[in-house]
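2 protein chains.
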Amino acid sequence: MSSSTTRVRMSPAERRKQLLEIGVRLLGTRSLDDLSIELLADEAGISRGLLYHYFGNKQAFHVAVVRKAVEDVYEITAPPGSGDPLTQLQASLGAYLDYVVDNHAGYLSLVRAASGGNEELRQIHADAQRALSDRLFDKARALDESTIIDTPATRLLARAWAALVEDAVLAWVEDPAGLSREELLARLAGALVPLVS
Amino acid sequence: MSSSTTRVRMSPAERRKQLLEIGVRLLGTRSLDDLSIELLADEAGISRGLLYHYFGNKQAFHVAVVRKAVEDVYEITAPPGSGDPLTQLQASLGAYLDYVVDNHAGYLSLVRAASGGNEELRQIHADAQRALSDRLFDKARALDESTIIDTPATRLLARAWAALVEDAVLAWVEDPAGLSREELLARLAGALVPLVS
């Protein structure tokens, strides 16, 4: 099936989804500033006008791409669902770390944009961090009520722990400082316990 | 001694220092965006022209104020120098927390500006976080080599822990979530141990 055939057969929703997937892939190796509608048009082989039709403007396009990337991270980092809580946590953390390694430029630019003046991206980033850390408590309820106590206080601390994880992983990707992937994961998981138990 | 007498007697360096102190105080209750040269001129009772003479422009003025604020934080959070490491750490953390409580608006705007596009403020914030977390290792060497091991890896993790502290304290100031000041400090100090020992 040639790409032009694909293009004709896809519904607008499918087409938009495909364009977002290309956008997420492109974001992996460049910053948001460098992720232009023009680049996506070239990569997808369609006109800029059609892309503006799908996304409106560059900011809306970035928001859509980042939302999709964040959904991907959430799916990729789902705990395996079996094993003790610490093993599951390390598996989830490992998937997150691998994602950041593979998509470093885009991830870093998201974090910077999110903390800077871009209110929409800040909100998406905050919601994602909250969703990821709140999921710790879902697994906890199912698996081990003594390791992770679910209170507003521990949720606050778990979200702060997510900031630690993000900071450590971004630093580690730039310079591992002699830490192996496994040791980093074990240390990060270990720091959660005194915060939420 | 009236303020006009004070003004006449001060050297340019003393005058600049006094203006920075006013700037830091003003920053405590407002964001960097709201900290204008005009406001400082009104507050200090001197002309805008003279302030531009001292600081150049708004960005340079902000940088000077933030540098001074960061020096203040570093001094205020110096560990007491006696007591076991965990007690000293909690004292230092407590001083940091109280500073953020007292200067919330300005501190929050610094963190946002630092992570956003403002490269100079980002660097000052990063240097400050590094200085604060590196100081953990100075005390450690003097006091307890078994609690805090000094390696590039533990320094990376201690800096990430500083991000956890900042995130948790900023969240706690907005909504304590049932956590007392002392419990928050104990949890934050407790999270450092598995990272650096």
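For the record, the sequence lines run as chains R and B. Under numbering that gives the first Met the number 0, the first residue of the first sequence carries the number 0, and numbering increases by one thereafter. Under numbering that gives the first Met the number 0, the first residue of the second sequence carries the number 0, and numbering increases by one thereafter. Backbone N, C-alpha and C define an ideal beta-carbon position, used for all residues, glycine too.
Name the chain R residues that come within less than 9 Å of B:R134, Cβ to Cβ? By 1-based counting over the second sequence, the position of residue 134 of chain B is 135. Under the 9 Å cutoff, chain R gives no residues; its nearest Cβ is about 18 Å from B:R134.
Secondary structure of R:G189, DSSP reduced to three states: Counting from 1 along the first sequence, the entry for residue 189 of chain R is found at position 190. The answer is helix: DSSP assigns R:G189 an H, G or I state.
Do R:A176 and R:S132 have their beta-carbon atoms positioned less than 8 Å apart in this structure? Position 133 of the first sequence, counted from the first residue, corresponds to residue 132 of chain R. Position 177 of the first sequence, counted from the first residue, corresponds to residue 176 of chain R. Cβ distance not < 8 Å, so R:S132 and R:A176 don't count as in contact.
Does DSSP put R:S91 in a helix, a strand or coil? Along the first sequence, read from residue 1 onward, the residue named residue 91 of chain R stands at position 92. Correct three-state label for R:S91: helix.
Please report how far the alpha carbon of B:T76 lies from the alpha carbon of B:T153, in whole angstroms. Within the second sequence, residue 76 of chain B is the residue found at index 77, counting from 1. Within the second sequence, residue 153 of chain B is the residue found at index 154, counting from 1. One C-alpha to the other measures close to 21 Å.
So the alpha helix (DSSP H) B:I36 belongs to, where does it begin and stop? Looking up residue 36 of chain B in the second sequence gives position 37. It spans I36 to A43 - the alpha helix (DSSP H) in which B:I36 sits, taken as one unbroken run.
Which of the three DSSP states is assigned to B:L131 in this structure? Position 132 of the second sequence holds residue 131 of chain B. Three-state result, B:L131: helix.
Within 10 angstroms of the Cβ of B:R186, are there 16 or more other Cβ atoms? Answer buried if so, exposed if not. For the purposes of this step, residue 186 of chain B is taken as the residue at position 187 of the second sequence. Looking at its Cβ environment, which holds 16 or more other Cβ atoms inside 10 Å, B:R186 is buried.
Can you give me, in chain order, the residues of the stretch 43-59 of chain R that have a beta carbon less than 9 Å from any beta carbon in chain B? none
Are there 16 or more other CB atoms within 10 angstroms of the CB of B:N56, so buried, or fewer, so exposed? As a working mapping, residue 56 of chain B is identified with position 57 in the second sequence. B:N56 should be labelled exposed.
With DSSP run on the structure shown, which of helix, strand or coil describes R:A170? Here residue 170 of chain R refers to the residue found at position 171 when the first sequence is read from its first residue. Residue state, collapsed to three classes: helix.
Could you give the DSSP three-state label for B:L156: helix, strand or coil? Taking the second sequence and counting its residues from 1, one reaches residue 156 of chain B at position 157. The answer is helix: DSSP assigns B:L156 an H, G or I state.
I need the straight-line Cα distance from R:L191 to R:L163, nearest angstrom please. As a position in the first sequence, residue 191 of chain R is number 192, starting the count at 1. As a position in the first sequence, residue 163 of chain R is number 164, starting the count at 1. Cα to Cα, R:L191 sits roughly 10 Å from R:L163.
Quick one: measure Cβ to Cβ for B:Q128 and B:R158, integer angstroms, because I've assumed they're closer than 8 Å. Against the second sequence, residue 128 of chain B aligns to sequence position 129. Against the second sequence, residue 158 of chain B aligns to sequence position 159. B:Q128 to B:R158, Cβ: 6 Å. Contact.
Burial state of B:R111, where buried means 16 or more other Cβ atoms lie within 10 Å: Working through the second sequence from its first residue, we reach residue 111 of chain B at position 112. By the 10 Å Cβ count, B:R111 comes out buried.
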